[in-house]
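What follows is a short report on a single structure.
Protein chains: 2
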Amino acid sequence: MSDVLMVGSVALDSVETPYGKVQRALGGAATYAGVAAGFFTGVQVVGVVGDDFDPAHLAFLASRGVDTAGIERVPGGKTFHWAGVYSADMNSRETLATELNVFETFAPKLPQAYRRTPFLFLANIHPALQLDVLNQVEAPRFIGLDTMNLWISIARDALLEVVARVQLLLLNDEEARMLSGESNLVAAGRDLLTRGPRVVIIKKGEHGALMFTEHGLFAAPGFPLEVVKDPTGCGDCFAGALMGQLAAGEDIDEESLRRAVIYGSVVASYNAEDFSLDRLRTLTPDDIDHRFRAFVALTKFA
Amino acid sequence: MSDVLMVGSVALDSVETPYGKVQRALGGAATYAGVAAGFFTGVQVVGVVGDDFDPAHLAFLASRGVDTAGIERVPGGKTFHWAGVYSADMNSRETLATELNVFETFAPKLPQAYRRTPFLFLANIHPALQLDVLNQVEAPRFIGLDTMNLWISIARDALLEVVARVQLLLLNDEEARMLSGESNLVAAGRDLLTRGPRVVIIKKGEHGALMFTEHGLFAAPGFPLEVVKDPTGCGDCFAGALMGQLAAGEDIDEESLRRAVIYGSVVASYNAEDFSLDRLRTLTPDDIDHRFRAFVALTKFA
Numbered sequence: 118m119s120d121v122l123m124v125g126s127v128a129l130d131s132v133e134t135p136y137g138k139v140q141r142a143l144g145g146a147a148t149y150a151g152v153a154a155g156f157f158t159g160v161q162v163v164g165v166v167g168d169d170f171d172p173a174h175l176a177f178l179a180s181r182g183v184d185t186a187g188i189e190r191v192p193g194g195k196t197f198h199w200a201g202v203y204s205a206d207m208n209s210r211e212t213l214a215t216e217l218n219v220f221e222t223f224a225p226k227l228p229q230a231y232r233r234t235p236f237l238f239l240a241n242i243h244p245a246l247q248l249d250v251l252n253q254v255e256a257p258r259f260i261g262l263d264t265m266n267l268w269i270s271i272a273r274d275a276l277l278e279v280v281a282r283v284q285l286l287l288l289n290d291e292e293a294r295m296l297s298g299e300s301n302l303v304a305a306g307r308d309l310l311t312r313g314p315r316v317v318i319i320k321k322g323e324h325g326a327l328m329f330t331e332h333g334l335f336a337a338p339g340f341p342l343e344v345v346k347d348p349t350g351c352g353d354c355f356a357g358a359l360m361g362q363l364a365a366g367e368d369i370d371e372e373s374l375r376r377a378v379i380y381g382s383v384v385a386s387y388n389a390e391d392f393s394l395d396r397l398r399t400l401t402p403d404d405i406d407h408r409f410r411a412f413v414a415l416t417k418f419a
Numbered sequence: 118m119s120d121v122l123m124v125g126s127v128a129l130d131s132v133e134t135p136y137g138k139v140q141r142a143l144g145g146a147a148t149y150a151g152v153a154a155g156f157f158t159g160v161q162v163v164g165v166v167g168d169d170f171d172p173a174h175l176a177f178l179a180s181r182g183v184d185t186a187g188i189e190r191v192p193g194g195k196t197f198h199w200a201g202v203y204s205a206d207m208n209s210r211e212t213l214a215t216e217l218n219v220f221e222t223f224a225p226k227l228p229q230a231y232r233r234t235p236f237l238f239l240a241n242i243h244p245a246l247q248l249d250v251l252n253q254v255e256a257p258r259f260i261g262l263d264t265m266n267l268w269i270s271i272a273r274d275a276l277l278e279v280v281a282r283v284q285l286l287l288l289n290d291e292e293a294r295m296l297s298g299e300s301n302l303v304a305a306g307r308d309l310l311t312r313g314p315r316v317v318i319i320k321k322g323e324h325g326a327l328m329f330t331e332h333g334l335f336a337a338p339g340f341p342l343e344v345v346k347d348p349t350g351c352g353d354c355f356a357g358a359l360m361g362q363l364a365a366g367e368d369i370d371e372e373s374l375r376r377a378v379i380y381g382s383v384v385a386s387y388n389a390e391d392f393s394l395d396r397l398r399t400l401t402p403d404d405i406d407h408r409f410r411a412f413v414a415l416t417k418f419a
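Going down the list, the sequences are from chains Y and F. Okay, so the first sequence: first residue is 118 according to the numbering used here, each after it adds one. Okay, so the second sequence: first residue is 118 according to the numbering used here, each after it adds one.
Shown next as structure tokens:
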């Protein structure tokens, strides 16, 4: 059982969906990923917040197995704030505000105690910052990387430098097509596998995920949910639970990677059932086991 | 091992995709479904063509195990012709021409020998004609039904009458939402299950299929293809292979239904690899077994 270090955004989100809305609720990629990983193993988070960040949020993270010593608090600063509204069918969303605030000058500084953590997840931040983090860690065993369309457009070379130094690349279908230049998703995954990582996972939202390794492809369905209240953070929960599950185990082989993809899908599917991280506040290990078995029942055939 | 009777369109299609084009090539829902089913069991097709329909097409169908005695030939008539062009990413298509010709007055008349066939597939035609067919058959064991958005819009009541009399309803995600009035796909499937059929399968194109039964949900992925030359007829191949596989077996239970969904996905995925029915011309039972095993490898986890 190893710890996982997460580096990325800690945020306050204002989100509206057909099921309701929240104002300045807990959010951020490292937050979602950290809490999701905390169901499986110990977690450290490196991020930055302003002094408007409710200490109760830090207490919640700590209660979920997350070491928050690496979350810098900037006096007089304001926390990164994102606001968005989802379409009626939840398949698209419009960003209403992106106030970077203290996140604008975020320069991740890893506490000495974190530099030898064996598992590292680079959540979606500028690739130059991700490179900075890579230069502060001491030979981690397994590095996972997330990114976004913006960096593929404006910082492609730096991003490809990061990609070449990680074991796992996670991205969505649109980003996979952009980064590879291949419109076919299988061709895109195979191309990205030649750029460094030994595992490429293409997230397809409600349609599940496709994993590419030297052993071939693995297709995981999205869990069919009758109620999706707020999909925000599902991709980060997927990545966090996946990294946490891998860190909790011994070997990283095809079997453990596939199992980790399913655990990622399990936690991501629960996360969509309520706003912000609210569903994760009450989620139990029994719930996770229950839905893992539901995934088995959902997919088995002979 | 039972035979399957298919009733629906036999057509000539002109199709253009980024990979090329064909003019007046063999097509039609009953044709695709019939040839797909012919890999598993004996097939009878009821349809109509004009005297422009090349007898070589009938010879090909016969070579694939399809009894063509129920395909009426109208002297002086022209065969149903559909022309369409696919978008660059193959995810949408534009219809350039729909010339119904002899199909406009198609009134399915079942040969006496077909009326006791145990398995019946009602391919996509006007629900009033599907009802006509139901009134000509003698207590078939298992009836599958396909439809389209047009009939949901303009012949909803007749369609629901057919739905109430079949065991299996097949439709795509958009149609499932339209017919049920539910925007969520799980809610849509559950609603349709209350309207008569004991099996509802929602086709999601490249994203696979979701099957709803009293035992719960089954999610089958789409087979990840690197080259898709022409997706025309894939939904019909899926339905045909599924019906053929069920008819070839003994029991119709959860296990055999799930296996049939995978066989449907196998034949549909091969069909997309070439224009018209061309890939099915060379497809072998070994190819089918090979891709069935690839589906196992694609989806298994522990």
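Beta carbons are placed, not taken as given, at the ideal position from N, Cα and C, and that holds for glycine. Note that the structure is predicted; figures quoted are calculated from it, not measured.
- Sorting K226(Y), S382(Y), V279(Y) and H198(Y) by C-alpha distance to the C-alpha of Q161(Y) places K226(Y) at the top.
- For F335(Y), the neighbours in chain F by C-beta distance under 8 angstroms run, in chain order, L415, T416 and F418.
- For H407(F), no Cβ of chain Y is located within less than 9 angstroms of the residue's own Cβ.
- Residue burial annotation: E292(F) is buried, with at least 16 other C-beta atoms found within 10 angstroms of its C-beta.
- In the three-state reduction of the DSSP assignment, Y203(Y) falls in the strand class.
- K138(Y) and G167(Y) have their C-alpha atoms spaced approximately 23 angstroms apart.
- Here Q229(F) is exposed: its Cβ has fewer than 16 other Cβ atoms, across all protein chains shown, within 10 Å.
- For K321(Y), the nearest CB of chain F lies under 9 angstroms from its own CB, placing it at the interface with that chain.
- Boundaries of the beta strand (DSSP E) around N289(F): L285 to N289.
- The beta carbon of G325(F) sits closer than 9 angstroms to some beta carbon of chain Y.
- Within the region 151 to 238 of chain Y, complete beta strand (DSSP E) segments of at least 3 residues are found at 160 to 167, 188 to 191, 198 to 203 and 210 to 216, given in chain order.
- Collapsing the DSSP output to three states places E367(F) in coil.
- Ranked by how close their Cα comes to the Cα of V124(Y), the residues Y136(Y), D184(Y) and M118(Y) have D184(Y) in first place.
- Within its own chain, the residues whose Cβ lies closer than 6 angstroms to the Cβ of L178(Y), once the five positions on either side in sequence are excluded, are T185, listed in chain order.
- The closest CA to that of F409(F), considering only A389(F), I379(F) and A147(F), is found on I379(F).
- Among the CB atoms of chain Y, none fall inside 9 angstroms of the CB of I269(F).
- In the same chain as T212(F), and ignoring 5 residues on each side of it, the C-beta atoms closer than 8 angstroms to its own belong to W199, A200 and G201, in chain order.
- Within 10 angstroms of the beta-carbon of D347(F) lie 16 or more other beta-carbons, which makes it buried.
- Rounded to the nearest whole angstrom, the CA to CA distance from A419(Y) to A414(F) is 12 angstroms.
- Contact check between the region 141 to 151 of chain Y and the region 356 to 372 of chain Y: three or more CB pairs, one atom from each, fall below 8 angstroms, which counts as touching.
- Taking C-beta atoms as the reference points, G322(F) and N301(F) fail to come closer than 9 angstroms.
- With a cut-off of 8 angstroms on Cβ pairs, the region 331 to 346 of chain Y is in contact with the region 335 to 354 of chain F, counting three or more such pairs.
- Listed by position along chain Y, the residues whose Cβ is nearer than 7 angstroms to that of D206(F) are S300.
- Non-local C-beta neighbours of A275(Y) in its own chain, meaning closer than 6 angstroms and more than five positions away in sequence, comprise P244 and A245, ordered along the chain.
- For F170(Y), the closest alpha carbon among the candidates P402(Y), K195(Y) and L309(Y) is that of K195(Y).
- When Cβ-Cβ separations below 9 angstroms define contact, R375(F) makes contact with chain Y.
- Boundaries of the beta strand (DSSP E) harbouring D130(F): A128 to T134, taken from the DSSP string.
- Take V317(F), set aside five residues on each side of it, and the residues of its chain with a beta-carbon closer than 6 angstroms to its own are L286, G306, L309, L310 and F329, in chain order.
- M118(Y) places its beta carbon 9 angstroms or farther from that of A377(Y).
- Under the DSSP assignment, Q140(F) falls in the beta strand (DSSP E) whose first and last residues are G137 to G144.
- Residue ranges of uninterrupted beta strand (DSSP E) with 3 or more members, entirely inside the region 323 to 354 of chain F and ordered along the chain, are 326 to 330 and 333 to 337.
- Contact with chain F is absent for P402(Y), since none of that chain's Cβ atoms lies less than 9 angstroms from the residue's Cβ.
- For the region 332 to 357 of chain Y, the set of residues with a beta-carbon nearer than 9 angstroms to any beta-carbon of chain F comprises H332, G333, L334, F335, A336, A337, P338, G339, F340, P341, L342, E343, V344 and V345, in chain order.
- Taking C-alpha positions only, V283(Y) is separated from V250(Y) by approximately 12 angstroms.
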